[in-house]
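For reference, each letter of the sequence shown is one residue, going 1 to 186 in UniProt numbering.
Ideal Cβ positions, reconstructed from N, Cα and C, are used throughout, including at glycine.
For clarity, every value in this text was computed on a predicted model and none was experimentally measured.
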Amino acid sequence: MDLDVKPLEDVVLPGMVAGMLSTLALGACARLAGKRSTAPVSAVSHWVWPQEVNQTARPRARHLVTGLAIHHLMSIGWAAVNAFTLAAIQESVEPCLDSRAEHRQRIALASGLTLFAAFSDYVIVPKRFTPGFEFHLRVPHIAAVYVAFGAGLVAPFVVKDLCRQRLCVEQAPRKASAIAARHAGC
């Protein structure tokens with residue numbers, strides 16, 4: 001089975017957008033909780049330096065850079081799972097000709113994958129490999145971060161489709177006037 005997945009367009013871009021949106025959500029939620037905006041993403045560095053997990057409230061540059069790198073690499077990894085799952089679904093069922101139906105598929109899959117990511121991050125994996133957000137944020141804030149992540153998985157495709165629709169709308173009057181001009185000379 002040869003799945004139609006474009007590495008940059010279907011994996012890296014959505015992964016980076018999901019990583020960026022969830023990083024922004026981490027910072028905003030940390031500020032709402034009265035913490036430094038860099039604390040939750042720096043906490044991810046506990047994968048590398050588990051003995052320094054309590055130092056991420058006032059993170060050093062190495063905690064922040066390591067946390068960002070791990071967070072974004074994992075976001076790209078989840079985006080890859082999302083892209084290959086979507087490609088397998090689209091290959092096994094009738095293809096969506098309607099962009100709204102495709103959006104619904106993408107949103108449903110991204111929502112399910114985000115729920116699974118949260119479940120695996122906090123239930124399946126050992127505590128040593130949790131994201132570490134829980135060291136600085138409460139559950140409602142963590143949920144908001146995962147919502148931002150899920151939105152990031154879908155956002156590039158929605159923006160691309162909106163741009164495509166806008167381009168079609170802008171080109172339609174030009175095409176109509178060109179056709180009318182050709183027929184006027186008949």
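Could you give the DSSP three-state label for residue i: helix, strand or coil?
i, result
"residue 33", "coil"
"residue 2", "coil"
"residue 49", "coil"
"residue 71", "helix"
"residue 121", "helix"
"residue 98", "coil"
"residue 137", "coil"
"residue 132", "coil"
"residue 38", "coil"
"residue 65", "helix"
Can the beta-carbon of residue i be found closer than 8 Å to that of residue j?
i, j, result
"residue 213", "residue 128", "The displayed coordinates of the chain run from 1 to 186. Any statement about residue 213 would go beyond what the structure contains."
"residue 69", "residue 3", "no"
"residue 22", "residue 148", "yes"
"residue 150", "residue 75", "no"
"residue 25", "residue 144", "yes"
With a CB to CB cut of under 6 Å and the five nearest residues on each side skipped, what residues in its chain are close to residue i?
i, result
"residue 45", "63, 66, 67"
"residue 57", "39"
"residue 99", "161"
Skipping 5 residues on each side, what residues in its chain have a beta carbon closer than 7 Å to that of residue i?
i, result
"residue 187", "Summary: the structure shown does not reach residue 187, with the chain confined to residues 1 through 186, and so no result is reported for it."
"residue 79", "11, 14, 15, 18, 153"
Quick test of the definition: if touching needs 3 or more C-beta pairs under 8 Å, does the segment 83-93 touch the segment 154-170?
no
Given 8 Å, three or more beta-carbon pairs between the segment 3-16 and the segment 28-36
no
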